[in-house]
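Mapping of the sequence shown onto the working numbering: residues 236 to 486, in sequence order.
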Amino acid sequence: MLDEVTITRAIVEDFMKTFVEYTDVDVAIVGAGPSGMVAAKYLAEGGAKVAVFERKLSVGGGMWGGGMMFPRIVIQDEAKHILEDFEIHYWTHKDGYFLANSIEVVGKLVSKTIAAGAEIFNLMSVEDVVIRDDKITGVVINWSAVELAKLHVDPLSIRSKVVIDGTGHDADVCRIVERKIPGALKVVGEKPMWAEVGEKFLLDATKEVYPGLIVTGMAANAVTGGPRMGPIFGGMMLSGEKAAKLALSKL
Ligand code: 48F
Numbered sequence: 236m237l238d239e240v241t242i243t244r245a246i247v248e249d250f251m252k253t254f255v256e257y258t259d260v261d262v263a264i265v266g267a268g269p270s271g272m273v274a275a276k277y278l279a280e281g282g283a284k285v286a287v288f289e290r291k292l293s294v295g296g297g298m299w300g301g302g303m304m305f306p307r308i309v310i311q312d313e314a315k316h317i318l319e320d321f322e323i324h325y326w327t328h329k330d331g332y333f334l335a336n337s338i339e340v341v342g343k344l345v346s347k348t349i350a351a352g353a354e355i356f357n358l359m360s361v362e363d364v365v366i367r368d369d370k371i372t373g374v375v376i377n378w379s380a381v382e383l384a385k386l387h388v389d390p391l392s393i394r395s396k397v398v399i400d401g402t403g404h405d406a407d408v409c410r411i412v413e414r415k416i417p418g419a420l421k422v423v424g425e426k427p428m429w430a431e432v433g434e435k436f437l438l439d440a441t442k443e444v445y446p447g448l449i450v451t452g453m454a455a456n457a458v459t460g461g462p463r464m465g466p467i468f469g470g471m472m473l474s475g476e477k478a479a480k481l482a483l484s485k486l
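This is the structure in structure tokens:
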């Protein structure tokens with residue numbers, strides 16, 4: 236006989252145990268878009284304790300819809316090894332242009348990231364950072380529903396040795412630091428579409444922008460003033476891979 240209260244306790248007890256365990260992590264990644272998830276998998280494989288906080292119900296960020304809701308993405312040569320690491324099926328469109336099904340890509344990213352040992356917390360928004368001695372030492376989180384309903388509810392804090400901003404075009408975490416710590420960093424804002432330049436720019440822009448804060452993905456171009464690139468995703472994946480390497484070298 237199935238008992239509803241046992242079902243309730245199973246969910247609450249297990250989640251609370253995990254949540255408490257992840258209040259102190261090596262790396263907190265903000266945003267479960269492609270760059271954040273790629274970073275999370277490589278970090279977890281490198282032995283780091285990783286929590287990913289995602290504002291929305293669904294993970295995958297801006298990848299689901301491919302280009303203008305045609306669920307295909309393009310990837311270039313340089314990122315093929317990442318597709319292979321994630322066991323993502325891809326095929327050739329023409330020399331140097333590979334295609335993948337954006338829905339499958341999100342599925343594989345999530346599945347491999349979790350299998351590697353990273354913990355994803357969806358429906359939680361990062362609304363602030365913790366700073367000690369001019370270094371980011373954690374993030375401040377709240378249920379996204381609190382934010383959406385504009386409820387006056389105080390947040391909770393997570394301690395983290397490194398924070399990765401993978402919040403996409405908004406560069407949310409970097410903007411918080413810019414706003415709250417005058418002179419700490421400048422978010423230049425992204426430039427108009429230019430795939431070739433945007434993809435290359437992104438790798439240099441993926442860096443530590445403030446002690447303890449690394450920026451990846453579209454957020455990196457937004458901070459440094461690089462162009463957007465549209466539905467080509469090799470750069471996002473390579474950026475996540477680089478962010479993971481940078482974070483591991485700091486642990
Ligand atoms: O936007 P998103 O997919 O970021 P990305 O990894 O990839 C960018 C591409 O999707 C696309 C592009 C490619 O050419 O330009 O836009 O850089 O994913 C960012 C995720 O961060 C979440 C947001 O809901 C999304 O899923 N996010 C944003 N702000 C917060 C957040 C926040 N404050 N707290 C938690 N999650």
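No residue lacks a Cβ here, since even glycine has one placed at the ideal position from N, Cα and C.
Exercise for the section: Could you tell me which of 397, 426 and 464 sits nearest to residue 442, measuring between CA atoms? Expected result: Your numbering for residue 442 matches position 207 in the sequence shown. It is 397.
Exercise for the section: Check residue 331 in the structure and name its three-state DSSP category. Expected result: Indexing the sequence shown from 1 puts residue 331 at position 96. Correct three-state label for residue 331: coil.
Exercise for the section: Going by CA-CA distance only, name the one from 365, 341, 383 and 323 that's closest to residue 392. Expected result: Residue mapping note: residue 392 aligns to position 157 of the sequence shown, counting from 1. Of the listed residues, the one whose Cα sits closest to residue 392 is 365.
Problem - As assigned by DSSP and simplified to three states, the class of residue 277 - result: Taking the first residue of the sequence shown as 1, we reach residue 277 at position 42. Looking at residue 277 - three-state DSSP - the assignment turns out to be helix.
Practice task
With DSSP as the reference, please indicate the residues paired to residue 354 in a beta bridge.
Solution key: The sequence position of residue 354 within the sequence shown is 119, counting from 1. Answer is 286.
Practice task
From the DSSP output, in three-state form, read off residue 388 for me.
Solution key: In the sequence shown, the residue the question calls residue 388 occupies position 153. Note: residue 388 maps to coil in three-state DSSP.
Exercise for the section: Take residue 379 and list the residues in its own chain whose beta-carbon comes closer than 6 Å to its own, dropping the five residues that flank it on each side. Expected result: The residue given as residue 379 occupies position 144 in the sequence shown. Within the same chain, residue 379 has close Cβ partners 290, 358 and 360.
Exercise for the section: Check whether the Cβ of residue 463 sits closer than 8 Å to any heavy atom of the ligand 48F, and report yes or no. Expected result: Counting from 1 along the sequence shown, the entry for residue 463 is found at position 228. At least one heavy atom of the ligand 48F is nearer than 8 Å to the Cβ of residue 463, so yes.
Problem - Nearest neighbour of residue 483, chosen from 300, 276, 241 and 347 [CA to CA] - result: By 1-based counting over the sequence shown, the position of residue 483 is 248. Nearest of 300, 276, 241 and 347 to residue 483, Cα basis: 276.
Problem - Assigned exposure category for residue 346 - 16 Cβ within 10 Å defines buried - result: Locating residue 346 in the sequence shown gives position 111, counting from the first residue. The Cβ neighbour count for residue 346, taken over all protein chains shown within 10 Å, is under 16; the residue is labelled exposed.
Handout entry: Cβ separation of residue 422 and residue 406, assumed to be a contact under 8 Å, to the nearest whole Å
Key = Along the sequence shown, one-based indexing puts residue 422 at 187. Along the sequence shown, one-based indexing puts residue 406 at 171. Indeed, because the Cβ distance is near 5 Å, the residues count as touching under 8 Å.
Exercise for the section: Just tell me which of 272, 336 and 271 has its CA closest to the CA of residue 302. Expected result: For the purposes of this step, residue 302 is taken as residue 67 along the sequence shown, with counting starting at 1. Taking only the C-alpha atoms, the option nearest residue 302 is 336.
Exercise for the section: Ignore the nearest five residues each way along the sequence and tell me which others in residue 300's own chain have a CB closer than 8 Å to its CB. Expected result: Working through the sequence shown from its first residue, we reach residue 300 at position 65. If we look at residue 300 and ignore the five residues flanking it on each side, its Cβ neighbours are 306 and 337.
Problem - Under the three-state DSSP convention, the category residue 421 falls into - result: Residue numbering aside, residue 421 sits at position 186 when the sequence shown is read from its first letter. Looking at residue 421 - three-state DSSP - the assignment turns out to be coil, as it is neither helix nor strand.
Practice task
Report yes if the C-beta of residue 339 is less than 8 Å from at least one heavy atom of the ligand 48F; otherwise report no.
Solution key: Counting from one through the sequence shown, the residue named residue 339 turns up at place 104. Checking the Cβ of residue 339 against the ligand 48F gives no.
Handout entry: heavy atom of the ligand 48F below 8 Å from residue 267 C-beta
Key = For the purposes of this step, residue 267 is taken as the residue at position 32 of the sequence shown. The answer is yes for residue 267.
Exercise for the section: Run the CB neighbour count on residue 197, radius 10 Å, all protein chains shown included, and call it buried at 16 or more, exposed below. Expected result: Shown here, the chain extends from 236 to 486; a query on residue 197 therefore has no answer.
Practice task
Run the proximity test for residue 484: is its beta-carbon closer than 8 Å to any non-hydrogen atom belonging to the ligand 48F?
Solution key: Taking the first residue of the sequence shown as 1, we reach residue 484 at position 249. No, the beta carbon of residue 484 sits no closer than 8 Å to any heavy atom of the ligand 48F.
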